[in-house]
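Take 284 as the starting number for the sequence shown in our numbering and just add one per residue. Virtual Cβ for every residue (Gly too), placed ideally from N, Cα, C.
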Amino acid sequence: MAIKLSDHFTYSKLLRFTLPSITMMIFTSVYSVVDGLFVSNLIGENALSAVNIMFPVSMIIGAVGFMLGSGGSAIVARTMGEGKQELANRYFSMIILCVLGLGTALSALSLLFVEPLARLVGASDLLIDDCLAYGAVIFGGSVVFMLQMSFQTFFVTAELPKIGLFFSLISGVTNITLDYLFMGPLNMGIAGAAWGTVLSYAVGGILPLFFFLKPPMGTLRLCSTKLYWRELKNACINGSSELMSNLSASLISILYNLQLMRMVGELGVAAYSVMMYVDFAFAAVFLGFSMGSGPIISFHYGAGNEEELKSIFRKSISVISIASVFMVAMAQLLGRPLAMAYVGYNPELLEMTVHGFRIFAFSYLFCGFGVYGSGFFTALCNGAISALISFLRLFLFRGGMVLLLPLFFKLDGIWLAVTVADALGALVSVLLIWKYRKRYHYL
């Protein structure tokens, strides 16, 4: 039986509803992980460093898609909870058209500044050619990346998380297949990695357009619409946390790269690249749960169902707590095997990566609470508080720690910075959740 947003959610039903989103985020991260595996093993550590230097810039460009998708989906789900389905469809259609238009403009604009951007974020003379070859393709594909990220959220809002997972799986298989083909038999080098990624984005971003034009199932469809300035503004404000998350994470990745280039050179950037690829897969669990549970919260908030809101919140915190402990244990257990898959050919780089990741992995004790806290306030349409959590956790705390801790702990300070920052971010989330409990009645 299909699970509806209006249902009462037991633990079992909550996990079944959010599992496709969790799986979708894991799989999305896995094909980024596969990118790194192919690049590192088929081209080398310098190419891996180049990808890690340029990819955060593409995430900054694509952050608008995250903002409109997540912020807009909360507004659409709340409107559905108020019983206004046709209006929800028009809001949905407007947001997708805005993503398409803005994405096209940003893709074109970013192509004009590939080399200055590469130099700005730390590309050395040794890495610049690979950075330009990768960046030109990945920047041009920003529009389909933004569409894919938006649709991932809206499939959940449409009560079709399994269909969203299906599109994500097709996209991931496309990426893995094309990575092997382009970097292997066709010998396209690092540009092949970028083309494989962009074409997989196109599968996940363009095919859903046709699906939502005449959906055979679900509650949302693309239809004729107009520009609703107030709702667009609210979507931007409400999604500002996701914009802040992506901007902050990308800027901090650039800062990490600059610090590592200063301290240990290209080898340090390669080690950090491996950690980030592994981190994508682990953090995807928390991101997927937050994405999957968000429309449920928005719907019951819009419907004024306070008891169900309290129930979902309590269950969600329990799930996050258990997952946090499990994730740390898994990260410690799998750290060396995962690093071996990437850089087993270089003993010095391998040991640096394993040592750093074992310190970094303790961040998973705290990461989930910061991610969920930000997503929770987005679902309640309080974008300002959500953005505040994201800004503090991902920018101020991480940025501050990566500058401060190396002064005392040298290279280990860089690996420790994320753990300390996420602990502070979790504390902020808990304090803000407690502060706003009487306004939203989730406790």
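Through-space distance from residue j to residue i, alpha-carbon basis
{"i": "Thr-636", "j": "Leu-298", "result": "33 Å"}
{"i": "Leu-550", "j": "Leu-409", "result": "12 Å"}
{"i": "Ser-601", "j": "Gly-467", "result": "45 Å"}
{"i": "Asp-412", "j": "Arg-402", "result": "11 Å"}
{"i": "Tyr-628", "j": "Cys-381", "result": "46 Å"}
{"i": "Tyr-294", "j": "Thr-301", "result": "11 Å"}
{"i": "Val-626", "j": "Tyr-655", "result": "33 Å"}
{"i": "Gly-366", "j": "Lys-593", "result": "21 Å"}
{"i": "Leu-503", "j": "His-724", "result": "28 Å"}
{"i": "Phe-449", "j": "Arg-545", "result": "43 Å"}
{"i": "Ala-670", "j": "Met-337", "result": "25 Å"}
{"i": "Ile-535", "j": "Met-429", "result": "21 Å"}
{"i": "Asn-329", "j": "Ser-407", "result": "10 Å"}
{"i": "Ala-360", "j": "Ile-603", "result": "23 Å"}
{"i": "Gly-522", "j": "Pro-630", "result": "43 Å"}
{"i": "Met-307", "j": "Ile-520", "result": "26 Å"}
{"i": "Lys-497", "j": "Asn-372", "result": "12 Å"}
{"i": "Ser-581", "j": "Leu-538", "result": "35 Å"}
{"i": "Ile-453", "j": "Pro-303", "result": "14 Å"}
{"i": "Trp-512", "j": "Val-608", "result": "44 Å"}
{"i": "Phe-659", "j": "Leu-469", "result": "45 Å"}
{"i": "Gly-548", "j": "Ser-533", "result": "20 Å"}
{"i": "Thr-440", "j": "Leu-394", "result": "33 Å"}
{"i": "Ser-451", "j": "Phe-691", "result": "43 Å"}
{"i": "Gly-327", "j": "Val-561", "result": "18 Å"}
{"i": "Leu-492", "j": "Leu-325", "result": "35 Å"}
{"i": "Ser-531", "j": "Ser-289", "result": "34 Å"}
7 Å Cβ cutoff met for residue i and residue j
{"i": "Gly-696", "j": "Leu-688", "result": "yes"}
{"i": "Leu-633", "j": "Ala-622", "result": "yes"}
{"i": "Arg-619", "j": "Gly-653", "result": "no"}
{"i": "Tyr-463", "j": "Val-334", "result": "no"}
{"i": "Val-494", "j": "Leu-505", "result": "The question names Val, but residue 494 is Phe in the sequence shown. Contact flag unset, no."}
{"i": "Phe-569", "j": "Gly-455", "result": "no"}
{"i": "Gly-423", "j": "Ser-376", "result": "no"}
{"i": "Leu-648", "j": "Val-611", "result": "yes"}
{"i": "Gly-708", "j": "Phe-680", "result": "yes"}
{"i": "Val-481", "j": "Val-420", "result": "yes"}
{"i": "Leu-715", "j": "Ile-668", "result": "yes"}
{"i": "Gly-727", "j": "Ala-662", "result": "An answer regarding residue 727 cannot be provided, because it is not within the stretch 284 to 726 covered by the chain."}
Cβ-Cβ separation, residue j to residue i (assumed contact under 8 Å), whole Å
{"i": "Gln-431", "j": "Gly-488", "result": "4 Å"}
{"i": "Ile-595", "j": "Ile-579", "result": "6 Å"}
{"i": "Glu-442", "j": "Lys-287", "result": "6 Å"}
{"i": "Leu-461", "j": "Gly-479", "result": "4 Å"}
{"i": "Gly-364", "j": "Gly-666", "result": "In fact, because the Cβ distance is near 18 Å, the residues do not count as touching under 8 Å."}
{"i": "Gly-345", "j": "Asn-540", "result": "Not confirmed; about 19 Å, so no contact."}
{"i": "Met-558", "j": "Gly-639", "result": "6 Å"}
{"i": "Tyr-374", "j": "Glu-514", "result": "5 Å"}
Nonlocal neighbours in the same chain, by C-beta distance under 7 Å from residue i, ignoring five residues either side
{"i": "Leu-331", "result": "Gly-319, Val-322, Ser-323, Ala-553, Ser-556"}
{"i": "Arg-720", "result": "Leu-726"}
{"i": "Thr-387", "result": "Val-426"}
{"i": "Ala-518", "result": "Leu-351, Gly-354, Gly-355, Ile-358, Ile-378"}
{"i": "Gln-542", "result": "Val-685, Pro-689, Ile-697"}
{"i": "Gln-368", "result": "Thr-502"}
{"i": "Leu-415", "result": "Val-397, Glu-398, Ala-401"}
{"i": "Leu-385", "result": "Val-347"}
{"i": "Val-701", "result": "Phe-643, Ser-646, Arg-681"}
{"i": "Ala-624", "result": "Leu-320"}
{"i": "Leu-617", "result": "none"}
Own chain partners of residue i with C-beta closer than 8 Å, once the 5 adjacent residues on each side are dropped
{"i": "Gln-615", "result": "Arg-641, Ala-644"}
{"i": "Leu-370", "result": "Thr-362"}
{"i": "Ile-305", "result": "Ala-567, Val-568, Gly-571, Phe-572, Gly-575"}
{"i": "Cys-664", "result": "Ala-357, Ile-358, Arg-361, Asn-517, Asn-521, Ser-581, Tyr-584"}
{"i": "Leu-490", "result": "Phe-450, Ile-453"}
{"i": "Leu-510", "result": "Met-377"}
7 Å Cβ cutoff, residue i in contact with chain D
{"i": "Ser-573", "result": "Absent from the structure is chain D; it holds one protein chain and no more."}
Nonlocal neighbours in the same chain, by C-beta distance under 6 Å from residue i, ignoring five residues either side
{"i": "His-583", "result": "Glu-591, Leu-592"}
{"i": "Thr-457", "result": "Ser-483, Val-486"}
{"i": "Ala-706", "result": "Phe-649"}
{"i": "Phe-465", "result": "Met-471, Gly-475, Trp-478, Gly-479"}
{"i": "Phe-292", "result": "Ile-595"}
{"i": "Lys-736", "result": "Outside the displayed span of the chain (284 to 726) sits residue 736, for which this structure offers no information."}
{"i": "Met-342", "result": "Asn-529, Ser-533"}
{"i": "Ser-712", "result": "Phe-652, Gly-653, Gly-656, Ile-672"}
{"i": "Thr-508", "result": "Arg-373, Ser-376, Met-377"}
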